[in-house]
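Student:
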Amino acid sequence: MKKKLLGMILLFTIIFSFGCSSTQEQSTSENDPQETYSQQETTFGLSYEIPDSWKTPDTNSDTEIYHYKKEIGSGDGMLYIIYQEIDGDILTETSFNEFADGLLNSGYDTDGFQSEDFESNNIKMKKFSYNMEIEQTNYKTQGVVFNCYEGIVMITFSSFSESNYDSYFDKIISSVKSTDVIEEEFNENIVQNEDETEPIEDETLDDNLSENDSSNDSSTDNASYQSILDEYSEKIKEATPGLVDEYKNEAAEHSGDINKLAEISNDKVNKLAEISNEGIEEMANIMYSNGDDYDTYEEWSKKLMDVYTEYAEKIMDAYIDSAT
808 MKKKLLGMIL LFTIIFSFGC SSTQEQSTSE NDPQETYSQQ ETTFGLSYEI
858 PDSWKTPDTN SDTEIYHYKK EIGSGDGMLY IIYQEIDGDI LTETSFNEFA
908 DGLLNSGYDT DGFQSEDFES NNIKMKKFSY NMEIEQTNYK TQGVVFNCYE
958 GIVMITFSSF SESNYDSYFD KIISSVKSTD VIEEEFNENI VQNEDETEPI
1008 EDETLDDNLS ENDSSNDSST DNASYQSILD EYSEKIKEAT PGLVDEYKNE
1058 AAEHSGDINK LAEISNDKVN KLAEISNEGI EEMANIMYSN GDDYDTYEEW
1108 SKKLMDVYTE YAEKIMDAYI DSAT
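The following block contains the structure:
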């Protein structure tokens, strides 16, 4: 689960930065009571409602969806929905904490993270909010994340910090419904994978650890984490120039199409994220097999995420150069 979950987080933060326009505009202070809403259907078994006046780019895919309150590309009123197939339960404490850590340690200044349990039309969710600064512009992000069939869905809504669009977000989230009869099958999957979602508490693992205390030697563990960090840092470094060249070659055919350029760039960044996530998954395997504290894993995984962020910015720089 961790490999794909962290990949989703990393990809989201990059996409978010591309989607946010730093142009400050007059913000709307409240919901328009006269605005009409229309229902939208997804390919992954959900429906939701958005205002008819909102704009939807034609570059949306089956699993990544954008809607904009203002012009396409504006961060002051951007609704973003992503679905990804992932084993396990995002609502467990361990999984959600990893999810939150990924959002808050993405290379941007963040603060004010809050979360709570939430339910809409019998769908159990985690609702969250936090602030983020991108290119000297302050954004407020509200979102929910929940299990959906064979994966998870994240829905976020970003706006300038001084804007008050809470009523839009609340109405949209309250309209989210399941369009397929999938809950029964999903619940069966959760039962089957229950041990995988909470591996640290597995009694068999605890027994094995007690029989092999030498596996908990901190110097050995640190060496293992360090070797993974070194190996995957080098892989990221070696892959980046080629991905930048790929972006430039493909971008040359779509000059002036910002949405297409962002799509190409996101694809290259995601390839870099896959390398990082492989390393992070190996670190997670060490944590679970040795029974290490989560803080130990977190410390080392953040070091690799920092390397990923540094080199992902080189792809982002190429995107910015071609989009301006």
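Numbering (the numbering used here), first residue to last: 808 to 1131. Built from N, CA and C at the ideal position, the CB exists for glycine as well.
S936 by DSSP, collapsed to three states: which one?
Tutor: On the sequence shown, position 129 is the one that residue 936 refers to. Of the three classes helix, strand and coil, the one that applies to S936 here is strand, per DSSP.
Student: Should S1108 go down as buried or exposed, given a rule of 16 or more other Cβ atoms within 10 Å for buried?
Tutor: Taking the sequence shown and counting its residues from 1, one reaches residue 1108 at position 301. S1108 is buried by the Cβ-count criterion.
Student: What is the rounded straight-line gap between the Cα of T870 and the Cα of A1125?
Tutor: Translated into positions along the sequence shown, residue 870 becomes position 63. Translated into positions along the sequence shown, residue 1125 becomes position 318. Distance between the alpha carbons of T870 and A1125: 25 Å.
Student: Just the Cα atoms here: how many angstroms apart are D859 and E1106?
Tutor: In the sequence shown, counting from the first residue as 1, residue 859 sits at position 52. In the sequence shown, counting from the first residue as 1, residue 1106 sits at position 299. For D859 and E1106, the distance between alpha carbons rounds to 45 Å.
Student: Less than 8 Å between the C-beta atoms of K1075 and I1122, yes or no?
Tutor: Along the sequence shown, one-based indexing puts residue 1075 at 268. Along the sequence shown, one-based indexing puts residue 1122 at 315. Yes.
Student: Taking 8 Å as the threshold, find out whether the region 878 to 885 comes into contact with the region 898 to 907 through three or more Cβ pairs.
Tutor: Touching, no.
Student: Who are the Cβ neighbours of Y1104 in its own chain at under 7 Å, not counting the five residues just before and after it?
Tutor: Counting from one through the sequence shown, the residue named residue 1104 turns up at place 297. If we look at Y1104 and ignore the five residues flanking it on each side, its Cβ neighbours are M1090, A1091 and M1094.
Student: Three or more C-beta pairs closer than 8 Å, one from the region 926 to 936 and one from the region 971 to 989: is that the case here?
Tutor: Flag = yes, the region 926 to 936 and the region 971 to 989 touch.
Student: Classify T1047 as helix, strand or coil using the three-state DSSP reduction.
Tutor: As a first step, residue 1047 is located in the sequence shown; it is residue number 240 there, counting from the start. Three-state DSSP puts T1047 in a helix.
Student: Excluding the 5 residues flanking K934 on each side, which residues of the same chain have their C-beta closer than 7 Å to its C-beta?
Tutor: Within the sequence shown, the letter at position 127 stands for residue 934. The residues are S922, E923, F925 and V951.
Student: Skipping 5 residues on each side, what residues in its chain have a beta carbon closer than 8 Å to that of N938?
Tutor: Position 131 of the sequence shown, counted from the first residue, corresponds to residue 938. Excluding positions up to five away in sequence, the list reads T917, D918, G919, N945, Y946, K947, T948 and S968.
Student: Please tell me whether Y1032 and A1080 are closer than 8 Å, where the distance is taken between their beta carbons.
Tutor: To locate residue 1032, count along the sequence shown from 1; it is residue 225. To locate residue 1080, count along the sequence shown from 1; it is residue 273. Not closer than 8 Å, so no.
Student: Rank I893, I888 and S936 by C-alpha distance to the C-alpha of A907 and give the top, closest one.
Tutor: Taking the sequence shown and counting its residues from 1, one reaches residue 907 at position 100. Residue S936 is the option with its Cα nearest to A907.
Student: Tell me the DSSP bridge mates of S965?
Tutor: Counting from one through the sequence shown, the residue named residue 965 turns up at place 158. Answer is M885 and T948, bridged to S965.
Student: Expressed to the nearest angstrom, what Euclidean distance is found between the alpha-carbon atoms of K1055 and I1035?
Tutor: For the purposes of this step, residue 1055 is identified with residue 248 of the sequence shown, where counting begins at 1. For the purposes of this step, residue 1035 is identified with residue 228 of the sequence shown, where counting begins at 1. Approximately 30 Å, taken between the alpha carbons.
Student: Judging by CA-CA distance, which residue of K877, S868, D1052 and Y956 is the nearest neighbour of S1129?
Tutor: If you number the sequence shown from 1, residue 1129 lands on position 322. The shortest C-alpha separation from S1129 is found at D1052.
Student: Is it the case that the Cβ atoms of T842 and K862 are separated by a distance below 8 Å?
Tutor: Position 35 of the sequence shown holds residue 842. Position 55 of the sequence shown holds residue 862. First, the residue type needs correcting, since residue 842 is Glu and not Thr in the sequence shown. No.
Student: Determine the closest residue to N954 out of F976, T866 and S985, with distance taken between C-alpha atoms.
Tutor: Numbered from 1 along the sequence shown, position 147 holds the residue referred to as residue 954. If we check each option's Cα against that of N954, S985 comes out closest.
Student: Are the CB atoms of L1111 and I1087 nearer to each other than 8 Å?
Tutor: What you label residue 1111 is simply residue 304 of the sequence shown in a count that begins at 1. What you label residue 1087 is simply residue 280 of the sequence shown in a count that begins at 1. Taking 8 Å as the Cβ cut-off, L1111 and I1087 qualify as a contacting pair.
Student: Can you confirm whether S881, when its beta carbon is compared against all beta carbons of chain D, has any partner nearer than 8 Å?
Tutor: Here chain D cannot be found, since the structure has a single protein chain.
Student: On the DSSP letters alone, give me the boundaries of the alpha helix (DSSP H) that I857 sits inside.
Tutor: To locate residue 857, count along the sequence shown from 1; it is residue 50. Careful: I857 lies outside any alpha helix (DSSP H), inside the beta strand (DSSP E) at L853 to P858.
Student: Could you round the C-beta distance between S868 and E856 to whole angstroms and report it? I think they count as a contact, below 8 Å.
Tutor: Walking along the sequence shown from the start, residue 868 turns up at place 61. Walking along the sequence shown from the start, residue 856 turns up at place 49. Contact doesn't hold; Cβ gap of about 21 Å is too wide.
Student: Assign N1084 to buried or exposed, taking buried as 16 or more other Cβ atoms, counted over all protein chains shown, within 10 Å of its Cβ.
Tutor: Here residue 1084 is taken as the residue at index 277 of the sequence shown, counted from 1. Counting Cβ neighbours within 10 Å, N1084 comes out buried, since at least 16 surround it.
Student: Considering just the uninterrupted stretch of the alpha helix (DSSP H) at E1089, what are its terminal residues?
Tutor: The residue labelled residue 1089 in the question sits at position 282 within the sequence shown. That run of the alpha helix (DSSP H) goes I1065 to N1097.
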